[in-house]
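Engineer: Protein chains in written order, with the working numbering: chain A, 2 to 330; chain B, 2 to 330.
For every residue, glycine included, the Cβ atom is placed at its ideal position computed from N, Cα and C.
Only a predicted model underlies this, so the values are computations on that prediction, with no experimental measurement involved.
Pasting in a structure now, in structure tokens, and then I'll have a few things to ask.
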DNA sequence: GTAAGGATTGTTAGCGCTAACAATTGCCTC
DNA sequence: GAGGCAATTGTTAGCGCTAACAATCCTTAC
């Protein structure tokens with residue numbers, strides 16, 4: 002910086018002022034400084050900046066299952082939004098999701114002195130772990146539950162489940178069976194809740210839900226069970242990957258979809274439109290989730306917003322062949 | 002740090018020595034310092050450290066298509082390996098892959114003064130863009146091509162393609178058709194090369210490859226074309242997503258897999274085992290790719306390794322139902 | 001003509017840490 | 001017991017930047 006200052010014939014402080022957009026710098030000086038910066042290829046040192054401003058311009062993301070479509074997409078959305086706001090994103094991937102790992106990840110990030118953290122916390126335990134995080138660290142929770150006194154951004158899972166359940170009922174199914182996700186996942190819980198409420202509202206009997214672990218293999222296992230039952234006419238599977246497993250099991254047992262049973266998923270992974278048959282599902286706008294979480298986080302960082310807000314992103318029903326047509330009588 | 006020093010009755014420099022594992026510190030002193038650190042909940046300031054050591058302990062990852070299975074898995078592997086080595090990972094996702102964007106991403110990261118960069122560069126253009134990156138910045142290229150004078154980690158795509166092609170020939174197919182990826186992708190090129198070479202080695206005729214864009218939709222389009230031809234007995238599709246599209250098109254046209262045509266993919270996405278039929282494919286060890294790229298990068302950062310190395314991770318053939326059994330005669 | 005006030009620039013101090021050197025202590029050798 | 005060496009600890013000087021205050025110059029008002 003002193004080299005630039007010398008080249009431009011000013012003090013290093015004036016260079017700093019130019020770089021920080023300070024209002025009272027003469028246009029001519031500003032031009033000279035920019036010229037010198039250009040000429041010398043100068044970049045200011047973020048460590049020195051961070052040291053004195055106490056702002057690293059880095060936000061941390063604690064994420065889990067980043068190889069899955071949903072979290073990967075959310076991470077991408079967060080990164081986009083952050084980079085547009087001039088922030089960097091530092092990632093801490095969790096190998097397992099429990100108090101211990103979440104705490105460690107947040108600790109790791111705050112040792113790096115991030116300005117704030119977005120926690121992708123799909124399990125209650127992860128949300129609980131946040132109570133141990135210092136309250137002065139700006140935190141936004143994504144896809145988690147309430148209760149941590151933190152701002153929250155999520156897709157309305159229950160509404161999505163209700164949408165798809167209603168759609169199945171409207172297609173003529175007497176009731177809708179459900180292959181749920183792991184019981185400790187909040188998203189799984191919310192989808193089950195939405196499904197149950199919609200059935201009750203529609204006066205349909207509520208069958209006992211089956212439980213998978215999000216994997217195609219577990220969906221396949223549940224599909225085998227459902228294929229045995231003669232009274233299954235429609236199934237709402239809690240994610241597209243498990244739905245694929247269900248479709249596979251049905252196919253092997255000779256259960257036709259949508260001829261014999263209607264099947265719907267959740268997520269709208271890119272493959273869903275090319276399953277056999279193409280899968281009706283719920284689309285989630287992960288980009289919006291990423292952007293809103295950054296908005297909330299920057300609100301806390303820059304303007305000291307204290308109150309915890311909640312942003313709910315609406316889901317969208319995507320109807321494909323797997324739920325079209327009347328089920329058998 | 003001075004507070005800790007005072008609490009432990011030593012100088013701040015001794016605290017620094019303890020924290021940095023300096024050899025000559027008396028055990029008793031070390032214990033007292035750790036005690037004071039614990040008691041005060043002290044964490045050292047990374048910005049100050051970075052300022053004086055000129056090491057940020059952050060490595061940057063330039064990545065593209067992070068919502069795809071391969072890149073997402075690679076990113077995850079990189080993050081794991083880096084965090085074990087005490088480094089943080091800062092991500093810069095590209096919206097498009099061209100010289101401009103790659104250059105900007107690297108510039109963004111180096112303004113953050115990362116210690117090194119891993120570039121996931123699946124296109125030649127991205128590799129070329131690296132020639133403009135200062136040679137003193139440690140860089141490792143993943144899944145890219147040679148020529149940038151940079152260290153390289155990749156899965157042996159050509160070997161994988163050869164494996165799967167040979168397998169299809171061994172199943173009795175007279176030749177193997179190919180749905181390739183985008184021509185400007187290095188991985189697509191290598192897979193095509195491996196496929197062609199294996200056919201030539203086996204004395205089979207080499208059909209004109211079709212080209213998709215990795216998406217299920219493009220695979221579907223190619224599948225429609227292939228379904229029209231009576232002489233297609235086996236198809237090697239350059240990734241699993243497109244293979245799904247091909248399977249879908251075949252299914253719609255009444256082409257049975259594997260009864261009429263054998264189909265194989267590449268990647269072994271978690272869904273592949275549950276496609277209809279389960280898909281023969283090539284598994285890539287993305288975790289190994291991530292770990293090795295960090296190894297190479299840290300070699301450059303810590304030991305000043307200059308020579309550009311190349312690490313090739315071998316792929317693995319996973320045989321499933323889609324290629325089992327004789328094709329029709 | 002002069003004081004007040006704004007615009008612009010410079011000077012100084014320190015953010016929290018580590019590197020380099022200096023100082024102190026204890027122990028061993030002869 | 002003096003000298004020498006190693007082990008341990010302390011002192012000092014920045015790393016590159018921004019905040020706060022100080023200084024200068026130019027207007028404008030009376």
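For chain A, is any of its Cβ atoms less than 8 angstroms away from the one on residue 18 of chain B?
Structural biologist: Here residue 18 of chain B refers to the residue found at position 17 when the second chain is read from its first residue. By this cut-off, residue 18 of chain B is not an interface position.
Engineer: Residues bridged to residue 176 of chain A by DSSP?
Structural biologist: For the purposes of this step, residue 176 of chain A is taken as residue 175 along the first chain, with counting starting at 1. Partner(s): none; residue 176 of chain A has no beta bridge.
Engineer: Ends of the alpha helix (DSSP H) at residue 77 of chain B?
Structural biologist: Working through the second chain from its first residue, we reach residue 77 of chain B at position 76. Residues 70-85.
Engineer: My parser needs the beta strand (DSSP E) runs of 3 or more residues fully inside the segment 85-116 of chain B; what are they?
Structural biologist: Counting whole runs of 3 or more residues, the segment 85-116 of chain B contains the beta strand (DSSP E) stretches 89-95.
Engineer: Per the DSSP calculation, residue 124 of chain B is bridged to which residue(s)?
Structural biologist: For the purposes of this step, residue 124 of chain B is taken as the residue at position 123 of the second chain. According to DSSP, which records beta bridges pairwise, residue 124 of chain B is partnered with B:186.
Engineer: Flag this pair as yes or no: are the beta carbons of residue 268 of chain B and residue 285 of chain B separated by less than 8 angstroms?
Structural biologist: In the second chain, the residue the question calls residue 268 of chain B occupies position 267. In the second chain, the residue the question calls residue 285 of chain B occupies position 284. Yes. Within cutoff.
Engineer: Check the Cβ of residue 51 of chain B against every Cβ in chain A and list those closer than 7 angstroms, keeping chain order.
Structural biologist: Here the question's residue 51 of chain B lines up with position 50 in the second chain. Result: 48.
Engineer: Compare the C-alpha of residue 189 of chain A against each of A:133, A:124 and A:136 and name the closest.
Structural biologist: Here residue 189 of chain A is taken as the residue at index 188 of the first chain, counted from 1. Residue A:124 is the option with its Cα nearest to residue 189 of chain A.
Engineer: Run through chain A and tell me which residues come within less than 7 angstroms of residue 57 of chain B, C-beta to C-beta.
Structural biologist: Within the second chain, numbered from 1, the residue matching residue 57 of chain B stands at position 56. What residue 57 of chain B touches in chain A: 48.
Engineer: Compute the distance between the beta-carbons of residue 147 of chain B and residue 153 of chain B, then report whether it is under 8 angstroms.
Structural biologist: Indexing the second chain from 1 puts residue 147 of chain B at position 146. Indexing the second chain from 1 puts residue 153 of chain B at position 152. Contact: yes.
Engineer: When we look at the beta-carbon of residue 83 of chain B and count the other beta-carbons within 10 Å, is it buried (16 or more) or exposed?
Structural biologist: Taking the second chain and counting its residues from 1, the one referred to as residue 83 of chain B is at position 82. Its Cβ being crowded by 16 or more others within 10 Å, residue 83 of chain B is buried.
Engineer: Go through its chain and collect everything with a Cβ distance to residue 38 of chain A's Cβ below 7 angstroms, but skip five positions before and after it.
Structural biologist: Numbered from 1 along the first chain, position 37 holds the residue referred to as residue 38 of chain A. Here the set comprises 5.
Engineer: Taking the Cβ atom as the reference point for each residue, do residue 178 of chain B and residue 236 of chain B lie within a distance shorter than 8 angstroms?
Structural biologist: Against the second chain, residue 178 of chain B aligns to sequence position 177. Against the second chain, residue 236 of chain B aligns to sequence position 235. Against a cut-off of 8 angstroms, the Cβ pair of residue 236 of chain B and residue 178 of chain B comes out as a contact.
Engineer: If you reduce the DSSP assignment to three classes, tell me which class residue 305 of chain B lands in.
Structural biologist: Reading the second chain from its first residue, position 304 is the one you call residue 305 of chain B. Here residue 305 of chain B sits in coil by DSSP.
Engineer: For the alpha helix (DSSP H) containing residue 229 of chain B, list its first residue and its last residue.
Structural biologist: As a working note, residue 229 of chain B is residue 228 in the second chain. 217-229 is the span of the alpha helix (DSSP H), which, as asked, contains residue 229 of chain B.
Engineer: Note the first and the last residue of the continuous beta strand (DSSP E) segment covering residue 2 of chain A.
Structural biologist: Working through the first chain from its first residue, we reach residue 2 of chain A at position 1. Here residue 2 of chain A belongs to no beta strand (DSSP E), and DSSP marks it neither H nor E.
Engineer: If you follow the alpha helix (DSSP H) that residue 65 of chain A is part of, which residue opens it and which one closes it?
Structural biologist: Residue numbering aside, residue 65 of chain A sits at position 64 when the first chain is read from its first letter. Residue 65 of chain A -> not in any alpha helix (DSSP H); beta strand (DSSP E) instead, spanning 59-65.
Engineer: Leaving out five residues on either side along the sequence, give the residues of the same chain with a beta carbon under 6 angstroms from the beta carbon of residue 7 of chain B.
Structural biologist: Start at 1 with the first residue of the second chain, and residue 7 of chain B comes out as number 6. Cβ neighbours of residue 7 of chain B beyond the five flanking positions: none.
Engineer: Please report the distance separating the alpha-carbon of residue 230 of chain A from that of residue 242 of chain A.
Structural biologist: The residue labelled residue 230 of chain A in the question sits at position 229 within the first chain. The residue labelled residue 242 of chain A in the question sits at position 241 within the first chain. Those two C-alpha atoms are separated by around 22 angstroms.
Engineer: Against chain A, with Cβ distances strictly below 8 angstroms, would residue 114 of chain B count as a contact?
Structural biologist: Against the second chain, residue 114 of chain B aligns to sequence position 113. Interface residue, yes.
Engineer: Just verifying my parser: in three-state terms, what is the DSSP assignment at residue 318 of chain B?
Structural biologist: Stepping through the second chain from its first residue, residue 318 of chain B is reached at position 317. It is a strand residue.
Engineer: With residue 263 of chain B as the anchor, note down where its beta strand (DSSP E) starts and where it stops.
Structural biologist: What you label residue 263 of chain B is simply residue 262 of the second chain in a count that begins at 1. Unbroken beta strand (DSSP E) run through residue 263 of chain B: 263-265.
Engineer: Report the rounded CA-to-CA distance for residue 181 of chain A versus residue 238 of chain A, giving the unit in angstroms.
Structural biologist: Along the first chain, one-based indexing puts residue 181 of chain A at 180. Along the first chain, one-based indexing puts residue 238 of chain A at 237. So the two alpha carbons sit approximately 6 angstroms from each other.
Engineer: Taking the alpha-carbon positions, what's the residue 86 of chain A to residue 191 of chain B distance?
Structural biologist: Locating residue 86 of chain A in the first chain gives position 85, where the first residue counts as 1. Locating residue 191 of chain B in the second chain gives position 190, where the first residue counts as 1. Their Cα atoms are separated by approximately 38 angstroms.
Engineer: For residue 201 of chain B, name the three-state secondary structure that DSSP assigns.
Structural biologist: Locating residue 201 of chain B in the second chain gives position 200, counting from the first residue. In the structure shown, residue 201 of chain B sits in a helix (DSSP, three-state: H, G or I).
Engineer: Can you pull the chain B residues whose beta carbon is under 8 angstroms from the beta carbon of residue 216 of chain A, in chain order?
Structural biologist: Taking the first residue of the first chain as 1, we reach residue 216 of chain A at position 215. Correct list: 271.
Engineer: Can you tell me the Cα-Cα spacing of residue 330 of chain B and residue 260 of chain A, whole angstroms?
Structural biologist: As a position in the second chain, residue 330 of chain B is number 329, starting the count at 1. As a position in the first chain, residue 260 of chain A is number 259, starting the count at 1. Legend: pLDDT at residue 330 of chain B = 47, less than 50; position of this residue unreliable, no value from coordinates given.
Engineer: What number of angstroms, rounded off, separates the C-alpha of residue 79 of chain A from the C-alpha of residue 291 of chain A?
Structural biologist: Here the question's residue 79 of chain A lines up with position 78 in the first chain. Here the question's residue 291 of chain A lines up with position 290 in the first chain. Cα to Cα, residue 79 of chain A sits roughly 4 angstroms from residue 291 of chain A.
Engineer: Pull out every residue of the segment 252-270 of chain A whose Cβ sits closer than 7 angstroms to any Cβ of chain B, in chain order.
Structural biologist: Answer set for the segment 252-270 of chain A: 252.
Engineer: Exposed or buried, which one is residue 54 of chain A when buried takes at least 16 other CB atoms within 10 Å?
Structural biologist: Residue numbering aside, residue 54 of chain A sits at position 53 when the first chain is read from its first letter. Its Cβ having fewer than 16 others within 10 Å, residue 54 of chain A is exposed.
Engineer: Use the C-beta contact count for residue 325 of chain A: other C-beta atoms within 10 angstroms, 16 or more gives buried, fewer gives exposed.
Structural biologist: Here residue 325 of chain A is taken as the residue at index 324 of the first chain, counted from 1. Exposed.
Engineer: Tell me whether the beta-carbon of residue 254 of chain A lies closer than 8 angstroms to the beta-carbon of residue 228 of chain A.
Structural biologist: Position 253 of the first chain, counted from the start, is the residue given in the question as residue 254 of chain A. Position 227 of the first chain, counted from the start, is the residue given in the question as residue 228 of chain A. Contact flag set, yes.
Engineer: Under three-state DSSP, which class holds residue 325 of chain B?
Structural biologist: Stepping through the second chain from its first residue, residue 325 of chain B is reached at position 324. Note: residue 325 of chain B maps to coil in three-state DSSP.
Engineer: Ordered along the chain, which non-local residues of its own chain (more than five positions away) have a Cβ less than 6 angstroms from that of residue 34 of chain B?
Structural biologist: Taking the first residue of the second chain as 1, we reach residue 34 of chain B at position 33. The residues are 9, 16 and 19.
Engineer: Taking just the CA atoms, how far does residue 206 of chain B sit from residue 94 of chain B?
Structural biologist: Here residue 94 of chain B refers to the residue found at position 93 when the second chain is read from its first residue. Here residue 206 of chain B refers to the residue found at position 205 when the second chain is read from its first residue. Their Cα atoms are separated by approximately 41 angstroms.
Engineer: State yes or no: is the C-beta of residue 130 of chain A within less than 8 angstroms of the C-beta of residue 103 of chain A?
Structural biologist: Position 129 of the first chain holds residue 130 of chain A. Position 102 of the first chain holds residue 103 of chain A. Yes, Cβ-Cβ distance for residue 130 of chain A and residue 103 of chain A is below 8 angstroms.
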